[in-house]
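Protein chains in written order, with my numbering: chain A, 2 to 393; chain B, 713 to 806.
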């Protein structure tokens, strides 16, 4: 399948530039907190030796003068989704699973756009010029992504026919495989993709397992990774800004309750409930916190949803006093009924055992026992019977 | 449906029941129980039966007990046992 890849380099930084034009003049590192660790999400292009996912401490050791900025992921996704929406007007097959990386299926588009030049200019129209889109076209995601990377902003590169010729001088570090495999390739003296092409798949598979086969296929220009176009879904998002920053859980829960009520109004009448939501908060220092919450059974009302959220909020410390928070409903579901069995006693026993096991998981250790004959003939009274856990 | 923990049922998950319960007993000179304290001191008016158990002599903690089926002054029937290893008295339904 012919695929067009659009890369928007330094996408989070460009998004921030749209909001704060002043950051163009200084060196910025955008950070993201994962648990207690802070990682680099993006940085100004002039800051060398930095890469995405690098620990902040390591980044600051080489660029201590850089200004730090907390990532505003919901905002970046809002901007990215707007771009994807615009691209969907050009092609129905648009995939955008990572920020700043878009894949578009070109099959059938020649009926609308006569050649690649017209297609690319149509795509450029959908993307604001500030994002310096780089475009590559090839058979498969991997070669198209490489073509986009090796292309200056504003133009495009098409790889037709001999993909291996294009790949042969490129470093193995471009391969979308694990870091361990890349290190191992270098240890074997395989630094470029051209060096791997000369090998047969067998030895690679023997050394790298299933990833070896994938490496061999990629360097030979074979990439059958399917395109996952965006699915149309109803987007239910609610957010609010608190009147004053707070650390009080009660106030936060009250705000969440309001958001839940607003969200429920939008689908309650369809008889549906929440199956999963993304809850996010933003502290007054602009730190972002996000958590995905799944409900065992779809929550059909605010009260049920809130009780689960309360449990999570009590155990999840916030990065600081909260200023803004929001929810995004990521899954809707209908309430499940419990099927009654014709043989009610059998089913009742199953349910009872289930409840007992649930009790054990919550309280730890066996909670209910049954008296069992062990040595009923024994002359020693305490050896005759014993208590065994009811759930076993 | 809660998943089975697949935990092995070990001996320590079994809880023994009817373990001997220590009680305070006063003995006569011949070693028979005469008074027992269960909440309050009560006189033993009769010994209905008496039997001895010697078992598990091959283990480090062998069992050697004398059981007495006694009648208290209140009319209550009780089984007392004297552990001949530690010379302590216990109450246990038999």
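Cβ atoms here follow ideal geometry from the backbone N, Cα and C, with glycine treated the same way.
The continuous alpha helix (DSSP H) containing residue 184(A) extends over residues 180-188. A Cβ-Cβ contact shorter than 9 Å links residue 289(A) with residue 74(A). Residue 208(A) and residue 320(A) have their C-alpha atoms some 44 Å from each other. Cβ atoms of residue 212(A) and residue 179(A) come within 8 Å of each other, at about 7 Å. Looking from the CA of residue 174(A), the closest CA among 92(A), 137(A), 251(A) and 191(A) belongs to 191(A).
Going by C-alpha positions, residue 782(B) is about 15 Å away from residue 764(B).
Sixteen is the threshold: when 16 or more other Cβ atoms of the shown chains lie within 10 Å of the Cβ of residue 145(A), as they do, the residue is buried. Contacts between residue 383(A) and chain B, judged by CB atoms closer than 9 Å, involve 728, 729, 730, 731, 732 and 804 in chain order. The DSSP-derived three-state label of residue 333(A) is strand. For residue 309(A), no chain B residue has a Cβ inside 7 Å of its Cβ, as the nearest lies near 17 Å away. Counting only residues of its own chain and dropping the five nearest sequence neighbours on each side, residue 169(A) has a CB closer than 8 Å to the CB of 193, 194, 195 and 198. Closest by C-alpha distance to residue 68(A), out of 88(A), 14(A) and 306(A), is 14(A). In this structure, the straight-line span from the alpha carbon of residue 19(A) to that of residue 104(A) is close to 24 Å.
Excluding sequence positions up to five before and after residue 299(A), its CB lies within less than 8 Å of the CB of 273, 274, 275, 276, 333, 334, 335, 336 and 337, all in the same chain and listed in chain order.
Chain B has a Cβ within less than 9 Å of the Cβ of residue 387(A).
Residue 157(A) sits close to residue 136(A), with the two beta carbons spaced by under 9 Å. A distance below 9 Å separates the beta carbons of residue 785(B) and residue 754(B). Under the three-state reduction of DSSP output, residue 76(A) falls in the helix class. Taking the Cα of residue 265(A) as reference, the smallest distance to any Cα among 5(A), 305(A) and 119(A) is reached at 305(A). Residue range 745-750 is occupied by the beta strand (DSSP E) that includes residue 747(B). A contact is defined here as three or more CB-CB pairs under 8 Å, and the region 321-331 of chain A meets this definition with respect to the region 238-247 of chain A.
The beta-carbon of residue 380(A) is placed less than 9 Å from the nearest beta-carbon of chain B.
The DSSP assignment places complete alpha helix (DSSP H) segments of no fewer than 4 residues inside the region 125-173 of chain A at 142-150 and 164-168, in order along the chain.
Listed by position along chain A, the residues whose Cβ is nearer than 7 Å to that of residue 767(B) are 380 and 381. Within chain B, the residues placing a beta-carbon under 7 Å from that of residue 370(A) are 727, ordered along the chain. Under the Cβ criterion of 9 Å, residue 373(A) is counted among the residues facing chain B.
In the structure shown, residue 99(A) adopts extended strand secondary structure according to DSSP, grouped into three states. For the C-beta of residue 775(B), the chain A residues within less than 7 Å are, from N- to C-terminus, 381. The region 219-236 of chain A makes contact with the region 140-154 of chain A: 3 or more CB pairs, one atom from each, lie closer than 8 Å. The Cβ-Cβ distance between residue 26(A) and residue 66(A) does not fall below 9 Å.
Within the region 200-267 of chain A, the runs of beta strand (DSSP E) that reach at least 3 residues and sit entirely inside it are, in chain order, 237-247. Of all alpha-carbon atoms in 243(A), 254(A) and 381(A), the one lying nearest the alpha-carbon of residue 284(A) is that of 243(A). Taking the Cα of residue 780(B) as reference, the smallest distance to any Cα among 738(B), 728(B) and 745(B) is reached at 745(B). In the DSSP assignment, residue 198(A) falls outside any beta strand (DSSP E) and within the unbroken alpha helix (DSSP H) covering 194-198.
DSSP places residue 316(A) in the uninterrupted alpha helix (DSSP H) bounded by 303-316.
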